[in-house]
Every structure is written in structure tokens, then in C-alpha cells.
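To start, the structure under review is shown below, and the notes come after it.
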Amino acid sequence: MYLREQKKLEERLRAVLRNLYQIEPENLVIEQPPEIKFGEYALPVAFELARKLRRAPRKIAEELVSALGSVEGFAGFEVAGAGYINARLDRGAAMQEIAASSELETSSEHLHSLVEHTSINPNKAAHVGHLRNAILGDTFVRLLRAAGQKVDVQNYIDNTGVQVADIVVGLMHLEGLSLSGVQALMARLSDAGERIDFYCWDLYARASQWYEADPSQKEARKKIRLDTLHAIEQGGNDAAQIGELISTAVLRRHLETMLRLDIEYDFLPRESEILRLHFWESAFEQLKAKGVLYFETDGKNKGCWVMKRGTGRTGNALRDEAVDDLEEPAASDGPDEDAKVIVRSNGTVTYVGKDIAYHLWKFGLLGRDFGYRRFFEYPDRECWISAESSEDDHPHFGEAQAIYNVIDSRQADPQANVIEALRGLGYSEQAAHYTHFSYEMVALTPRCALELGYEVSEEDQGRPYIEVSGRKGFGVKADDLIDKLIAATQQEVDERHPERDAGKREQIAKEIAVGALRYFMLKYTRNSVIAFDFKDALSFEGETGPYIQYAVVRTRSIFRKGETTPEQALADVAGVDAAPYLAGEDADSIWQLWLRAAKTSLLLEQCIATAEPAYLARHAFQLAQDFSNFYRRHHILTEGDPAKKKLLLATAAVAQRELIRSLSRLGISAPEVM
RNA sequence: GCGCCCGUAGCUCAGCUGGAUAGAGCGAUUGCCUCCGGAGCAAUAGGUCGGGAGUUCGAAUCUCUCCGGGCGCACCA
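Heads up: the first sequence begins at 835 in this note's numbering, then just goes up one per residue.
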């Protein structure tokens, strides 16, 4: 509603500007006034015109107001301050429209998008940082789907990299296990109900330390590491099989962990298939043919295939389509030492090279495809994994029009390299729809680190936060955090609802725990580092998920006691002349709620345009705040005036509708009771 | 050396394409359950928006510069 009226207002204003001044502004700013008493829209356009027309802004504003005349849906326009034009909606009519229109207003393109998120190395348990990644990614997927896009969700699995190699080294050289020994170990862990990813968490830290532990052995151990890595890449040996066993088991655990937060995937592309299906060879041909790569014959990169780096573009810009190719820097003499190595002098491909091939595949530009095999069952969908050959009835992924890579900000450079390569190949359309959905890391506060029993140096204690490290085994495991949250919510629920059966209480506790965790990860904007602390994460009061869920629970309670339904309440308000109840000081708390509810579509659009889910999280919270405020001031069920009572019930209904809608896009459920 | 991010209330953070008295949560102080669930509501205190300069009718927001903090700039993945 809000968005539609805004567009109507904008069109009308443009017509007026054309008629009056023959002006066609590129973008017309329409703001939301700071206070509700100023109306619903504010237009600072007169200030802009003042300069061009060399006249007082207030005069211009007055002229515009009289030219605007009356617009359907609007109660009127007025000049305020030094030259603002404030627009007021016809509250009664707007209310009716909001009550009646439950569908979504959306103007964004209906693209086929691909979102990659999670992508944890399958060699250890997921930690809080991975949770931020997965929650951001999953939420964004929900936003795109809400806007009508077809979205594939991918979780990239680096199952042949050094991190998996480190675990294999740990198993073979620290634990002295053979392939059968590893199989026995896995069976033992499974029987004991122990989480293999937790086992690997410790082993990975030990292995990482082992490399450095003995200076005299350092070189030899580094060689073991490298040999193991190569063996895994090669395949067809024990190391590779151990790597496959462990990484697959850990991957399964990651999927289980994420499923606890209602996070699902469609496809798990693995590096092993990128290698064995020769994705790189195809990419290499293209890159050479288009001159994106060239063979360096001199300097430090002699014997490598390299790519020149971008000219001033940042991988951080969401869509730098506006950046047209500037002229090439003058070809100076000698080798470009700053070029990015893609193929090493020994003929092997770097990570960026493989990533270029993978991203060509994502856009359907590679000319090769993965094989597909079933891997994991969700209640309502299947998750597929890459394979060298396909099962019957397999789906097909890739060929997306737009892609989003949820990857932390430290990888901005390699991401920019891939975009650069796409552009170099002439795929500028695809490059423009390539978004590095970047976010800052989750670190621990020194206090949190101490609580967990880690040693914290004097220097670190003085810092605002300490980076987690898988190599050191330093961090908060995702499952531990979820367990802790559930324990805390369980206790609350048990106290509040001792009469309910245990299964129901457990269900409610889980929903609240998930709500708390997801909201916690979403309320910070992407480029803010989260300094993690149990105190904040385990909070259920104030700006938290449970606060919002509680608002919904209250609305449910109203309809239960009032023996009606939200749908009925919304239907009943049709035809009621609510205007008298929507004006005046006391009515602002009612109108505020309707207005906010009308803005959900606007927020969705903003979130997608800026790739920032935090805005919707905030919106949901503000909606809950508006409702709590309204709830206190207006006693619905005892209202004596029948017309007003209908309005109040409808207000609760629309609040519930928009709260549930917003929460579901955040991946948070709204329990019946809590 | 080059690039990116951050610096706003005691703490943690919002502040959208420049706009009306700079907001929220937590913490502090103080009120509010004969009334739809207090995981709540209301009020008070608390800010040279890191410093400086510039652009502008107007700057927390844009530009430059300096200070402080973080992260990238491998023939590692």
C-alpha cells in the first residue's frame, strides 16, 4: 500500500513539475517524515528547485501544493518548515486498503537467482561465524523468494583442500590410523553418539599445531601435508578415501546443524568434481582465447599464466555496472608484477582459477555440467550433491541470471578477481549480476573467551574482540550455542507453562531459541563485526527475536479470548467508517501500526536492492514495538463502541499478519503460545 | 606502500539515495499487574556524531586530510 501510493504521488508530482517548470528530475526524493504528525510522505523537492529557479523554496512549495490539487487516496498536501511539502494519506481509505490487500506489492525483476552460502570446510564443526553466514544467506534466499524469484541454494564444499588434508594428516600421522582404522573410529563415534565434527574440531587444532611444534621436523611435516593434499586431489588412494569419508560425514553434520535453524540447500557442488570433470580446462580455453590470461615470460611470475588486476574496481561494490571499462593503463615496459597468478609455473591451477571455472558454470557459460546424486532428505525437498555421473531423474542447476555469494569480507579481492575475469571474457551482463554478499566476521569478546576457558593474552584482553581460529580450536561451536539457547528457553517455557505437555514445551523452546539466534545474527548490518558474547546472544528481552514472537503470541491470545479470527476481524472492518478513530493524538498509536504494516513491501524491496536483511529485522522489531504500544493504550476486548472495537480488532489482525509475514522471511516462526 | 571496512549515549548498534528537535536495545534511576499474558509499557538521566578543512540554502551522511582500530594485498586454499 505505502509503496504504491508513493509511486502514485511521484508520478503526479512529475507531471506537475513538467507542466509548471518543464523539469524532469532524474530521481525525485520522497522521504518519510520524522514524526507521524507531519503526514506520511515528505517532499524536499522545493529546496532543489530553489536554486534552479532562483526563488524562495517556500514560494515554490506553495505553488506545487496548489498545482497538485487533490490526489485520490490523499487527504491533502501542505507546506511545512522552510519549504517541505508534506503529504497526508486519507487514513480511513488507506486503512481499508491495507486491511483488504494481503498480497505483496513487488516491482523487482523475476530473475532466476543462485545464492551460495555456508560453504564450510568439511573438516571440523561449524562455529558462530558460519552461523552468521548461513543465517544471512538463508534469510536472503527467503527474501528473494518472497519477491517472486526462482532461487537455487548452493553450499560449496571444498572437500579436496588443505583443511581436509590437515584432518587426514591428523588421522594418519598423529593417530596412526589406516583406512580401516578410520572406518572403525567413525563407527565407534557413531555408536557412542558423539559428533564427528566435534572430534575433528580438536583433531584439526592438534594437526595444525603439530606442523609447527618441532622445529627440526617442520620441513618434513610440511612435506607430509603437501603430499597428502596432492594425494587427495589425485584420488584413488587411501588418503583420498579417508578424506572422502570424513568430509562427507562432517558435511552431513553441517547440514543437520543448519537444519536445526530451518536452513536447507538444493545443491552441494564439490571441488572434487570441479577437478575430475575438468571444469578448469574449459575455462582455461576461454580465458586464453579472449586474452584474459597471458603467459608471463619474465619477472617473478615467469612461467605462469596471469591475469592483470582490475583498475580500481572493488569487489565490494554491490553492482558496479556503472563502471565502464576505462581505458587500459598504458602498457609499460617489463612484466606486470602486480598481475594475479592463475596457473602456476608447475602447471597447477590456483584457487581463483578454479573459482572462475565454477562461476562460469553458475551462469551456464562453461559448457560443462556436474553429475547429480541424491544426498540429503528434507521434509519437503531433496538436497543434491555433485558427482562424476548422474542418478536418474536428477535436476539441473546453474544457468542463473543473478548470483549472490555469501562470503566474508576478507575474500573481497579474490571475488573481485572472478568478476574481473567474467568481464574480461565479455560477460558484462553476468558480471553486473554478480554480487559478493559480503559480511564481517563474528569474533569473541575477551570476556567470552575467558568464560570458555581459553587463555587470553594481556594484549588480547585489551581488544574489543578476538578473531576465532579453527587452527587454534578457538571459537564457539554452532551446536553448543544452539544447545545452550534451547536449554535457556526450555527453562523459561517450563516455568511459564508447567501445565503443558513436555513435547509441546520442547517445541516452543526450540522455536524461541531459533528466533533468538536468527534475530541476533540479523540485527547487525553486514559490515559490522559482531563481538560475540553469551550474555547478548542469550538475551530474550528488548530488541530480540523472542520480543517479536511475543507480540504475535499476544495477538493470538486476543483472538482466542475474543472468539474470533484475524481473517474475520479484517473482513468485519470493511465498511466501517474508521476515520474518526484514526485522527488525533490518541489515535496515533493505532495509525502508526497500520502505517508500519503498510511498509513491509517497501522494506522487502529495500532489503533486496541493498542485499541487507537487517532492515527487515529492524522493521519486524519496530512493528512489534508499535503493537506493544498500541496494546497498552487500547483495551480491545472491553471496548464499548462497536465500530471502534472492530477497528481495534482489525488493528491486531493486521499487526499479526505483517509480523508473521516479516518473521517468516527472517526464518523465524511465531509460536501459538510461549 | 596500495586497497577495503569501522570510529555516533556508560556498553552494543541503527540512522536509507545529503534535509525538519540525532534514534533503539542493554545498563542506571523511577513509576505501572481489581483490566486482552510483565519475554511487556511509561518516564528521567546520558551525545564536541574521532579531529580539522571543504562543497551546499542545509552534512552523522558527500570530498579531502589527519588520528585511532580491524582486514586484505602469495606460484595458500
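We put the beta carbon where it would ideally sit given N, CA and C, even for glycine.
Helix, strand or coil for Met1141, going by three-state DSSP, please let me know.
Met1141 carries a strand assignment under DSSP once its states are collapsed to helix, strand and coil.
Name the residue from Leu1199, Leu1093, Arg1352 and Lys1311 whose alpha carbon lies nearest to the alpha carbon of Pro1213.
With distances taken between Cα atoms, Pro1213 lies closest to Leu1093.
Compare the beta carbon distance of Glu1107 and Ser1220 with 8 Å and say whether it is the shorter of the two.
Taking 8 Å as the Cβ cut-off, Glu1107 and Ser1220 qualify as a contacting pair.
Give the range of the beta strand (DSSP E) segment to which Lys984 is assigned.
Lys984 to Gln988 is the extent of the beta strand (DSSP E) around Lys984.
If Ile932 sits next to Trp1428, beta carbons under 8 Å apart, how far is it from one beta carbon to the other, in whole angstroms?
Correct: roughly 6 Å between the Cβ atoms.
Excluding the five sequence neighbours on either side, which residues of its own chain have a C-beta within less than 6 Å of the C-beta of Ile1316, listed in chain order?
Same-chain partners within the cutoff: Arg1094.
Run through the segment 1292 to 1376 for me and flag every whole alpha helix (DSSP H) of 4 or more residues, listed as ranges in chain order.
If one requires a minimum length of 4 residues, the alpha helix (DSSP H) runs lying completely within the segment 1292 to 1376 are 1292 to 1295, 1312 to 1330, 1336 to 1356 and 1368 to 1371, in chain order.
Rounded to the nearest angstrom, how far is the Cβ of Asp1000 from that of Tyr1038, given a contact under 8 Å?
Your pair Asp1000 and Tyr1038 checks out as a contact, with CB atoms roughly 6 Å apart and the cut at 8 Å.
Taking only runs that begin and end inside the segment 889 to 934, name each unbroken alpha helix (DSSP H) of 4 or more residues, in chain order.
Taking only runs of at least 4 residues, the alpha helix (DSSP H) segments lying wholly in the segment 889 to 934 are 891 to 902 and 925 to 934.
Considering only their Cβ atoms, is the gap separating Val1240 from His946 smaller than 8 Å?
No; because the gap between Cβ atoms is not below 8 Å, this pair is not in contact.
Take the Cβ of Leu843 as the centre, count every other Cβ of all protein chains shown within 10 Å, and call the residue buried at 16 or more, exposed below.
Leu843 comes out buried.
Roughly how many whole angstroms lie between the Cα atoms of Asn1361 and Gly1309?
Going from the Cα of Asn1361 to the Cα of Gly1309 covers about 20 Å.
Enumerate in chain order the residues of its own chain whose CB-to-CB distance from Tyr1033 is below 7 Å, with the five nearest sequence positions on each side excluded.
Within its own chain, the residues whose Cβ lies closer than 7 Å to the Cβ of Tyr1033, once the five positions on either side in sequence are excluded, are Leu1023, listed in chain order.
Could you name the residues of the same chain whose beta carbon sits closer than 7 Å to that of Pro878, not counting the 5 residues immediately before and after it, in chain order?
Closer than 7 Å at the Cβ level, and outside the excluded window around Pro878, lie Val863, Glu865 and Tyr918.
Nearest to Gly971 (by Cα), restricted to the options Tyr1288, Leu1063 and Glu1446
Answer by Cα proximity: Glu1446.
Please classify Val1252: does DSSP put it in a helix, a strand, or coil?
Helix, per DSSP.
Close beta carbons around Asp1370, own chain, < 8 Å, minus the five adjacent residues each side
Apart from the 5 residues on each side of it in sequence, Asp1370 sits with its Cβ closer than 8 Å to the Cβ of Phe1354 in its chain, given in chain order.
The alpha helix (DSSP H) enclosing Tyr1212, as first and last residue numbers
The continuous stretches of alpha helix (DSSP H) do not include Tyr1212, and DSSP gives it neither H nor E.
Any idea what DSSP makes of Tyr836, helix, strand or coil?
Reduced to three states, the DSSP call for Tyr836 is helix.
Contact set for Glu1377: own chain, Cβ-Cβ below 7 Å, skip 5 residues either direction
Cβ-Cβ distances below 7 Å link Glu1377 to Lys1357 and Phe1455 in the same chain, with the five nearest sequence neighbours on each side left out; the list follows chain order.
Let me check understanding here. Comparing Cα to Cα, which of Ile1058, Gly1069, Tyr855 and Gln1459 lies closest to Arg1388?
Answer by Cα proximity: Gln1459.
So, for Glu874: in the same chain, excluding its five sequence neighbours on each side, which residues have a beta-carbon less than 6 Å away from its beta-carbon?
Same-chain partners within the cutoff: Leu923.
So the alpha helix (DSSP H) Ile864 belongs to, where does it begin and stop?
Membership of Ile864 in any alpha helix (DSSP H) is not indicated, and neither H nor E is assigned to it by DSSP.
State the start and end residues of the unbroken alpha helix (DSSP H) segment that holds Ala1047.
Where Ala1047 is concerned, the enclosing alpha helix (DSSP H) stretches over Ile1030 to Ala1047.
Looking only at its chain, what residues have a beta carbon closer than 6 Å to the beta carbon of Pro1248, apart from the 5 residues adjacent to it on each side?
Only Val1186 meet the Cβ criterion.
Between the Cα of Gln1324 and those of Asp1314, Asp1313 and Gly1337, spot the shortest distance and give me the residue it belongs to.
Ranking Asp1314, Asp1313 and Gly1337 by CA distance to the CA of Gln1324 puts Gly1337 first.
Cα-Cα separation, Glu1345 to Arg1452
About 19 Å.
Can you list, in chain order, the residues of its chain with a C-beta nearer than 7 Å to that of Lys1142? Leave out the 5 residues immediately preceding and following it.
Answer for Lys1142: Asp1170 and Ala1173, listed in chain order.
Rounded straight-line distance, which links the Cα of Ser1435 to that of Gln840
Going by the C-alpha atoms only, they are around 12 Å apart.
What would DSSP say about Phe1129, mapped onto helix, strand or coil?
Strand.
Could you tell me which uninterrupted beta strand (DSSP E) segments, each at least 3 residues in length, are contained entirely in the segment 1062 to 1109, listed from first to last along the chain?
The segment 1062 to 1109 contains no complete beta strand (DSSP E) run of 3 or more residues.
Between the segment 1273 to 1293 and the segment 1215 to 1234, do at least 3 Cβ pairs fall closer than 8 Å?
The segment 1273 to 1293 is not in contact with the segment 1215 to 1234.
Looking only at its own chain, which residues have a Cβ that is under 7 Å from the Cβ of Thr1513, when we skip the five neighbours before and after it?
With the chain covering only 835 through 1508, there is no way to say anything about residue 1513.
Touching by the beta-carbon criterion (3+ pairs, under 8 Å), the segment 982 to 997 and the segment 1097 to 1104
Touching, yes.
Counting Cβ pairs, one atom from each stretch, are 3 or more of them under 8 Å apart for the segment 1483 to 1502 and the segment 1077 to 1088?
The answer is no - the segment 1077 to 1088 does not touch the segment 1483 to 1502, with fewer than three Cβ pairs under 8 Å.
State buried or exposed for Ala1054, treating a residue as buried only when at least 16 other CB atoms are found within 10 Å of its CB.
The residue in question, Ala1054, is exposed, as its Cβ has fewer than 16 Cβ neighbours within 10 Å.
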